[in-house]
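First residue of the sequence shown? That's 2 in the numbering used here, and the numbers climb one at a time after it.
Virtual Cβ for every residue (Gly too), placed ideally from N, Cα, C.
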Amino acid sequence: MLKGLLVAIQFLTVFPVGFRDPPGAREWGMSVAWYPLVGALIGALLWAIALMLPSGQGVLEAAIVLALWVFASGALHLDGLADCADAWVGGFGDRERSLAIMKDPRSGPVAVVVVVVVLLLKFAALSVLLPAGDHWVLLAAPVLARGSAGGLLAVSPYVRSQGIASAMIADLPRVAILAGAGLCVLAVGLFWSVPAALISGLTLVLIRFLAMRRLAGITGDVAGALVEISETAILLAVALAQT
């Protein structure tokens, strides 16, 4: 079980984790149950750094925290978002064309624009939230988003027979994943923000609906895009509630 946590940390972050033997399908599957905890590790790091930054410098605080946020995940989820953006626009509604575009390592102008817009929205939200002292959202957003990604993997068919996500899907502890994601939503709703918890669930439902309609399933890129979209939606919801 502990190896599953280490696999999740290695996959979802840039934190150095090494293995004597490569993880097997069971470890990859178990790792998904640990996604919210990895989100908590990232969030705790961001929260600690935000508290050390000089107060009253909202724009600077937001820029530093956002840069570290992207770095901590190795831009993994932004890559998935970019691939999905290209596929949804360039695929013209066709499943096979969309899947082929997702596999293309090159990014088109649509991908670049979508990534820039998402980062700008996150930056704008953070520039409102951090000066107001709402540092808890730095923990809640990564936890909820990664819990949502795990939930998506647990309740959706996977469309590829190869790839990292296919190894995860093959041996998922679905009950543990869904229970963990549900507890995260409940905890955030009870202790911090009901809108943030609701937005997390609604984003998961929306992304799954779009993926099922276009692809008849999901890919790892879709899960990555969900993380980015969920984090952005949560930050915006909380920031708008402050204004």
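C-alpha gap between residue i and residue j, whole angstroms
| i | j | result |
| --- | --- | --- |
| Ala-217 | Leu-100 | 11 Å |
| Cys-85 | Asp-222 | 6 Å |
| Ala-150 | Val-228 | 6 Å |
| Arg-245 | Phe-124 | Shown here, the chain extends from 2 to 244; a query on residue 245 therefore has no answer. |
| Leu-6 | Leu-47 | 20 Å |
| Gly-109 | Arg-98 | 15 Å |
| Gln-163 | Met-103 | 14 Å |
| Arg-175 | Gly-40 | 18 Å |
| Leu-19 | Ala-177 | Looking at the sequence shown, residue 19 is not Leu but Gly. Rounded to whole angstroms, Gly-19 to Ala-177 spans 25 Å at the Cα level. |
| Pro-23 | Gly-181 | 26 Å |
| Gly-94 | Leu-79 | 22 Å |
| Ala-83 | Leu-187 | 30 Å |
| Ala-142 | Gly-92 | 30 Å |
| Arg-27 | Gln-11 | 16 Å |
Own chain partners of residue i with C-beta closer than 8 Å, once the 5 adjacent residues on each side are dropped
| i | result |
| --- | --- |
| Val-160 | Leu-100, Leu-216, Ala-217, Gly-218, Ile-219 and Thr-220 |
| Phe-72 | Val-15 |
| Ala-45 | Leu-140 |
| Asp-87 | Ile-102, Met-103, Asp-105, Ser-108, Gly-109, Val-111 and Ala-112 |
| Leu-67 | Leu-120, Lys-123, Phe-124 and Leu-127 |
Same chain, Cβ closer than 7 Å to residue i, neighbours up to 5 away in sequence not counted
| i | result |
| --- | --- |
| Leu-173 | Gly-30, Val-33, Leu-154 and Ala-155 |
| Ile-200 | Ala-234, Ile-235 and Ala-238 |
| Pro-17 | none |
| Trp-70 | Leu-47 |
| Ile-282 | There is no way to answer for residue 282, as the model of the chain reaches only from 2 to 244. |
Same chain, Cβ closer than 6 Å to residue i, five either side skipped, listed in chain order
| i | result |
| --- | --- |
| Asp-105 | none |
| Ile-208 | Leu-227 |
| Gly-81 | Asp-222, Gly-225 and Ala-226 |
Range of the contiguous alpha helix (DSSP H) that encloses residue i
| i | result |
| --- | --- |
| Ile-235 | 221 to 243 |
| Phe-210 | 195 to 216 |
| Leu-54 | Premise fails: Leu-54 is in no alpha helix (DSSP H) and is neither H nor E. |
| Ala-63 | 59 to 73 |
| Phe-12 | 3 to 13 |
| Arg-98 | 96 to 104 |
| Ser-108 | First-last for Ser-108: undefined, no H or E at that position. |
| Arg-27 | 26 to 34 |
| Ala-83 | 77 to 91 |
Q. In the stretch 136 to 181, which residue ranges form an unbroken alpha helix (DSSP H) of at least 4 residues, counting only runs that do not cross its ends?
A. 138 to 156 and 165 to 171
Q) For the 8 Å Cβ check, are there 3 or more pairs between the stretch 187 to 194 and the stretch 124 to 141? A) In this structure the stretch 187 to 194 lies against the stretch 124 to 141, because at least three pairs of beta carbons, one per stretch, are closer than 8 Å.
**Q.** Sufficient close CB pairs (3 or more, under 8 Å) joining the stretch 115 to 132 to the stretch 55 to 66
**A.** yes
(Q) Contact between the stretch 37 to 53 and the stretch 113 to 123 is defined here as three or more beta-carbon pairs at a separation below 8 Å; is this criterion met? (A) no
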